[in-house]
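Have a look at the structure below, then the notes.
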Amino acid sequence: MLSGNEGQQAQRLLLWMTFIMSMVFAVWQALLNNFVIERAHFSGAEIGMLQSLREVPGFLAFTAIFVLLIIREQSFALLSLLVMSIGVAITGFLPSVMGLYFTTVLMSVGFHYYETLNQSLTLQWVDKEQTAGFMGKALSWKAAAALGGYGSIWLLMTVFKLDYVWMYAFVGGMGCLMTLGLWRHFPRFDTGEVQHKKVILRRRYWLYYLLTFFSGARRQIFVVFAGFMMVEKFHYSVSEITALFLINYVINLLFAPAIGRLIGRIGERNALCLEYVGLIGVFVSYALVENAHFAAALYVIDHLLFAMAIAMKTYFQKIADRPDIAASMSVSFTINHIAAVVIPVLLGYLWLESNAAVFYIGAAMAVCSLLLSLNVPRHPAPGNEVLFPAKALAPRTE
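Following this line, the structure appears as structure tokens:
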């Protein structure tokens, strides 16, 4: 762990990288459903395919560990931010099915490598006792950046009538310039213990792997279909979708630091159970909702509950050996995206037959996550990774 002034500087770098990622991605996401429907005439099938393609780089996130053989984690994270920003900047210039598939994959390569490396660096640079609180603070920075992005959409598209193409180019260009600024301003920080440069799968991390798998599967239903429902079923405009996202991030800005501190007090087990019980109710309500305002309220609650996912990361930090962190984050992102690559396509076709069935499947996944979370110990640590099976069946050495 870094300490003193160096540790504070490293945390500032993490926060600024989070700011850039959130600002750029928020604008891409907020405009996506309206852009693909208005300019590329997407149906549920095409949006499902696009979102599946978007998740392929996440599925391949384990390859980050091989790139780290030739480039430092910190430099790789900044390079990934740059690639993501370029992908967003050129999105508006290719308003066709194939063009959107290409720009989405390019953006996604940068996004998923960055997220993998950001999680790894956070767990290496921040002390275990401070991690939940720091991640809550990072969520508030993420919210502030997204608010800035949504504010720019309102100002440039609603007031000044800027077209999609220039909105994407503006925010992507800003992301590139800010990333280059970070590259020049911050020194290179030491990550401490040398990280393994190979794919690592350990039996004693099995519960974390399963929680990660169901989290990825469940999150795709929210990311892909909850927002799409707002536009297709309830006919939300760009301004209304942006307003909904603004509400989400204002709430995160206000409450995310408190959620991080709450997780530090109540522990990972209780936090995860709270998240999954809430998500079961939200997904069932999505399946039944017929009122646009109630649907919007569900969307906001859903988004807030995802802040509780901090608990899954701090659980892993407490049970992991430090040299495993970088490799394990790469592998966990791949596990997270196994279902994410397949689910949007399959459920995209199911969506054409029954919107409700898609959300009932999401509720079933949340139930699976709840059952798994009950196996998290009150005080996780190496050698105390799960309640069942007995510790003797899950040895620490592999």
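At position 296 of the sequence shown (counting the first as 1) the number is 329 in our numbering, and the numbers step up by one without a gap.
A virtual CB, placed ideally from N, CA and C, is assigned to each residue, including glycine.
Confirm, please, whether the CB-CB distance from residue 345 to residue 245 is below 8 Å.
In the sequence shown, counting from the first residue as 1, residue 245 sits at position 212. In the sequence shown, counting from the first residue as 1, residue 345 sits at position 312. In this structure, residue 345 lies closer than 8 Å to residue 245 by Cβ.
According to DSSP, is residue 414 helix, strand or coil?
If you number the sequence shown from 1, residue 414 lands on position 381. DSSP places residue 414 in strand when its eight states are reduced to three.
Would you kindly work out how many angstroms separate the C-alpha atoms of residue 42 and residue 71, rounded to a whole number?
To locate residue 42, count along the sequence shown from 1; it is residue 9. To locate residue 71, count along the sequence shown from 1; it is residue 38. Rounded to whole angstroms, residue 42 to residue 71 spans 44 Å at the Cα level.
For residue 258, which residues from the same chain have a beta carbon less than 6 Å from its beta carbon, with the 5 sequence-adjacent residues on both sides left out?
The sequence position of residue 258 within the sequence shown is 225, counting from 1. Cβ within range, chain order: 391.
State the start and end residues of the unbroken alpha helix (DSSP H) segment that holds residue 300.
Residue mapping note: residue 300 aligns to position 267 of the sequence shown, counting from 1. Looking at the DSSP string, residue 300 is not in any alpha helix (DSSP H), and its letter there is neither H nor E.
Alpha carbon to alpha carbon, how far is residue 101 from residue 148?
Within the sequence shown, the letter at position 68 stands for residue 101. Within the sequence shown, the letter at position 115 stands for residue 148. Answer to the nearest angstrom: the Cα atoms are 15 Å apart.
Are the Cβ atoms of residue 169 and residue 293 separated by less than 8 Å?
The sequence position of residue 169 within the sequence shown is 136, counting from 1. The sequence position of residue 293 within the sequence shown is 260, counting from 1. Closer than 8 Å, so yes.
Counting only the same chain and skipping the five closest in sequence on each side, list residues whose C-beta sits under 6 Å from that of residue 336.
As a first step, residue 336 must be located in the sequence shown, where it is residue number 303. Closer than 6 Å at Cβ, skipping near neighbours: 281.
So which of 348, 380, 60 has the shortest CA-CA distance to residue 417?
Mapped onto the sequence shown, residue 417 falls at position 384. The residue with the shortest Cα to Cα distance from residue 417 is 348.
Taking its Cβ as the centre, do 16 or more other Cβ atoms sit within 10 Å of residue 412, making it buried, or is it exposed?
As a working note, residue 412 is residue 379 in the sequence shown. By the neighbour-count rule (16 or more Cβ atoms within 10 Å), residue 412 is not buried but exposed.
Determine whether the beta carbon atoms of residue 66 and residue 264 lie at a separation below 8 Å.
Position 33 of the sequence shown, counting from 1, holds the residue named residue 66. Position 231 of the sequence shown, counting from 1, holds the residue named residue 264. Result yes, Cβ atoms of residue 66 and residue 264 sit closer than 8 Å.
Tell me which residues share the same chain as residue 333 and place their Cβ nearer than 6 Å to its Cβ, disregarding the 5 neighbours each side in the sequence.
Indexing the sequence shown from 1 puts residue 333 at position 300. Result list for residue 333: 280, 281, in chain order.
With a threshold of 6 Å on Cβ separation, who are the neighbours of residue 52 within its own chain once the five nearest residues in sequence on each side are excluded?
Locating residue 52 in the sequence shown gives position 19, where the first residue counts as 1. Excluding sequence neighbours, residue 52 sits near 174, 178.
Any idea what DSSP makes of residue 31, helix, strand or coil?
Beyond the ends of the chain as shown, which are 34 and 431, falls residue 31; an answer cannot be given.
Using 10 angstroms around the beta-carbon of residue 369, count the other beta-carbons present and answer buried if the total reaches 16, otherwise exposed.
Within the sequence shown, numbered from 1, the residue matching residue 369 stands at position 336. Its Cβ being crowded by 16 or more others within 10 Å, residue 369 is buried.
Using a 10 Å radius around the Cβ and a threshold of 16 neighbouring Cβ atoms, would you call residue 196 buried or exposed?
Here residue 196 corresponds to residue number 163 of the sequence shown, with the count starting at 1. So residue 196 ends up on the exposed side.
What three-state label does DSSP hand residue 217 in the structure shown?
Locating residue 217 in the sequence shown gives position 184, where the first residue counts as 1. Helix at residue 217.
If the criterion is Cβ atoms closer than 8 Å, does the pair residue 212 and residue 114 meet it?
Position 179 of the sequence shown, counting from 1, holds the residue named residue 212. Position 81 of the sequence shown, counting from 1, holds the residue named residue 114. Going by C-beta atoms, residue 212 is nearer than 8 Å to residue 114.
For residue 85, is the classification buried or exposed, using 16 other Cβ atoms within 10 angstroms of its Cβ as the cut-off for buried?
Here residue 85 corresponds to residue number 52 of the sequence shown, with the count starting at 1. Looking at its Cβ environment, which holds 16 or more other Cβ atoms inside 10 Å, residue 85 is buried.
Just the C-alpha distance for residue 237 and residue 421, rounded to the nearest angstrom, thanks.
Your numbering for residue 237 matches position 204 in the sequence shown. Your numbering for residue 421 matches position 388 in the sequence shown. So the two alpha carbons sit approximately 11 Å from each other.
Could you tell me which of 307, 247, 123, 403 sits nearest to residue 201, measuring between CA atoms?
For the purposes of this step, residue 201 is identified with residue 168 of the sequence shown, where counting begins at 1. Of 307, 247, 123, 403, the residue nearest in Cα terms is 123.
Ordered along the chain, which non-local residues of its own chain (more than five positions away) have a Cβ less than 7 Å from that of residue 425?
Taking the first residue of the sequence shown as 1, we reach residue 425 at position 392. Caution is warranted here: a pLDDT of 39 is assigned to residue 425, below 50, making its placement in the model unreliable, and the coordinate value is therefore given only provisionally. No residues qualify anywhere along the chain.
Which one of 116, 162, 283, 146 has the shortest CA to CA distance from residue 363?
Against the sequence shown, residue 363 aligns to sequence position 330. The shortest Cα separation from residue 363 among 116, 162, 283, 146 belongs to 146.
Taking just the CA atoms, how far does residue 216 sit from residue 320?
Your numbering for residue 320 matches position 287 in the sequence shown. Your numbering for residue 216 matches position 183 in the sequence shown. Looking at the two C-alpha atoms, the distance is approximately 46 Å.
For residue 269, does the three-state DSSP call read helix, strand or coil?
As a working mapping, residue 269 is identified with position 236 in the sequence shown. Residue 269: coil per DSSP, three-state reduction.
If you count every other CB in all the chains shown that lies within 10 Å of the CB of residue 323, and 16 or more means buried, which is it?
Taking the sequence shown and counting its residues from 1, the one referred to as residue 323 is at position 290. Classification of residue 323: exposed, given that the 10 Å Cβ count is below 16.
Looking only at its own chain, which residues have a Cβ that is under 6 Å from the Cβ of residue 433, when we skip the five neighbours before and after it?
In the structure as shown, the chain begins at 34 and stops at 431. Residue 433 is therefore absent and cannot be evaluated.
Quick check: residue 243 and residue 380, are their CB atoms within less than 8 Å of each other?
Along the sequence shown, one-based indexing puts residue 243 at 210. Along the sequence shown, one-based indexing puts residue 380 at 347. No, these two residues do not count as a Cβ contact at 8 Å.
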